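Q: What follows is a structure written as structure tokens; I'll ask about it next.
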Amino acid sequence: MSQEQIKSIIPVDKIYDDALSPAMKQIGKALENIAKSSRFLLAPIDYIAYQHDRWERYLQKVTDKVKNEDLIEGHPQIVIPTLEGLSLNYENTLLAELFINLLANSIDRTKQDLAHPAFPNIIKQLSHDEAVILFLLKKRSYKFNLRSDLNVEGTMIVNEVTTLEEFPLDTLQFPQHLPIYMNHLNSLNIAGAFVNNQEPIFDNNKQTGINSYNERRIIDFGELFVASCVPDNFENL
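FYI, in numbering that gives the first Met the number 0 the residues of the sequence shown are 0 to 236.
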């Protein structure tokens, strides 16, 4: 049948009319809904594919850290929660690197003694800034001095001023929370702020304040933690 014969049987204007008919509109609406549904239904597949590529990169990093002859089976108490924690972190972040280091040490016979079952859950509790603090404290301690003013009775601190701060505050997203972060790290038995020395401030033979000389540093259990989890180098710091 020729094009002219088809046109004579089904006029062009009739086709447009049909396209605008309720039935055709319904079909078009259905196809639109299917397209929308497909995007949502297929999204997990795309996500899984992306996750697969990401895990390949993670495992390659782990592989690069362990010699073939030193590979040993990791303990489920460490490996499983570490993998879980890693799955919940963005790639190329310091927190992800902590999990990767712990994974590598957990399957390295020469470093397996550094991996502790408590470490995965400790990393899960850390913020980005707290990971940065540990990264920097691994290299050295940082001094900070405070001047505290006492009330008239000399029984209560009424004002406190930082007179020395060695910690590089510009490395933190929320530097104003540094004391809170240190308190949290201390509660995890990883790091803390400690008073090295105090001296009274006198005015007319009356104590009006205190100079406090302090230090932020890794503590005993934290030494094992940073050795096992915290990298020596991180390109973004």
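Note that CB positions come from ideal geometry on N, CA and C, so glycine has one too. None of the values given here were measured: they were computed from a predicted structure.
So, for glycine 84: in the same chain, excluding its five sequence neighbours on each side, which residues have a beta-carbon less than 7 Å away from its beta-carbon?
A: Against the sequence shown, residue 84 aligns to sequence position 85. Same-chain partners within the cutoff: Phe98, Pro119, Ile122 and Lys123.
Q: Is the stretch 225 to 233 touching the stretch 133 to 148, taking contact as three or more C-beta pairs under 8 Å?
A: With a cut-off of 8 Å, the stretch 133 to 148 and the stretch 225 to 233 count as touching, because enough Cβ pairs lie within range.
Q: Where DSSP assigns a beta bridge to serine 211, which residues make up the other side?
A: The residue labelled residue 211 in the question sits at position 212 within the sequence shown. DSSP, once it has assigned bridges, lists Leu145 and Gln197 as partnering serine 211.
Q: Tell me which residue opens and which closes the beta strand (DSSP E) that valine 157 is part of.
A: Taking the sequence shown and counting its residues from 1, one reaches residue 157 at position 158. Per DSSP, valine 157 belongs to the beta strand (DSSP E) from 156 to 164.
Q: Report yes or no: do three or more beta-carbon pairs, one from the stretch 182 to 189 and one from the stretch 155 to 162, lie closer than 8 Å?
A: With the cut-off at 8 Å, the stretch 182 to 189 and the stretch 155 to 162 do not touch.
Q: State the CB to CB distance for the pair phenylalanine 173 and phenylalanine 143, rounded to an integer number of angstroms; the pair is presumed to be in contact (CB under 8 Å).
A: One-based indexing of the sequence shown puts residue 173 at position 174. One-based indexing of the sequence shown puts residue 143 at position 144. No, phenylalanine 173 and phenylalanine 143 are not in contact; Cβ-Cβ is about 17 Å, not under 8 Å.
Q: Below 7 Å CB to CB, which residues in the same chain sit around leucine 171 once its five sequence neighbours on both sides are set aside?
A: For the purposes of this step, residue 171 is taken as residue 172 along the sequence shown, with counting starting at 1. Correct list, in chain order: Asp128, Val131 and Leu177.
Q: Given that a residue counts as buried once 16 or more other Cβ atoms are within 10 Å of its Cβ, and exposed if not, what is aspartate 231?
A: Within the sequence shown, residue 231 is the residue found at index 232, counting from 1. Under this definition aspartate 231 is an exposed residue.
Q: Does DSSP put isoleucine 217 in a helix, in a strand, or in coil?
A: Locating residue 217 in the sequence shown gives position 218, counting from the first residue. If DSSP states are grouped into helix, strand and coil, isoleucine 217 belongs with the strands.
Q: Please work out which residues of its chain come closer than 7 Å, Cβ to Cβ, to isoleucine 44, disregarding the five sequence neighbours upstream and downstream, and give them in chain order.
A: Taking the first residue of the sequence shown as position 1, residue 44 is located at position 45. Any answer about isoleucine 44 is weak, because its pLDDT of 49 lies below 50 and its placement is not dependable; what the coordinates show is given next. Correct list: empty, nothing qualifies.
Q: Roughly how many whole angstroms lie between the Cα atoms of glycine 67 and tyrosine 89?
A: To locate residue 67, count along the sequence shown from 1; it is residue 68. To locate residue 89, count along the sequence shown from 1; it is residue 90. A small fix is needed here, since residue 67 is asparagine in this sequence, not glycine. Rounded to whole angstroms, asparagine 67 to tyrosine 89 spans 28 Å at the Cα level.
Q: Cβ of leucine 133 within 8 Å of Cβ of isoleucine 106?
A: Looking up residue 133 in the sequence shown gives position 134. Looking up residue 106 in the sequence shown gives position 107. Taking 8 Å as the Cβ cut-off, leucine 133 and isoleucine 106 do not qualify as a contacting pair.
Q: Does the Cβ-Cβ distance between alanine 190 and isoleucine 218 come in under 8 Å?
A: Your numbering for residue 190 matches position 191 in the sequence shown. Your numbering for residue 218 matches position 219 in the sequence shown. Going by C-beta atoms, alanine 190 is nearer than 8 Å to isoleucine 218.
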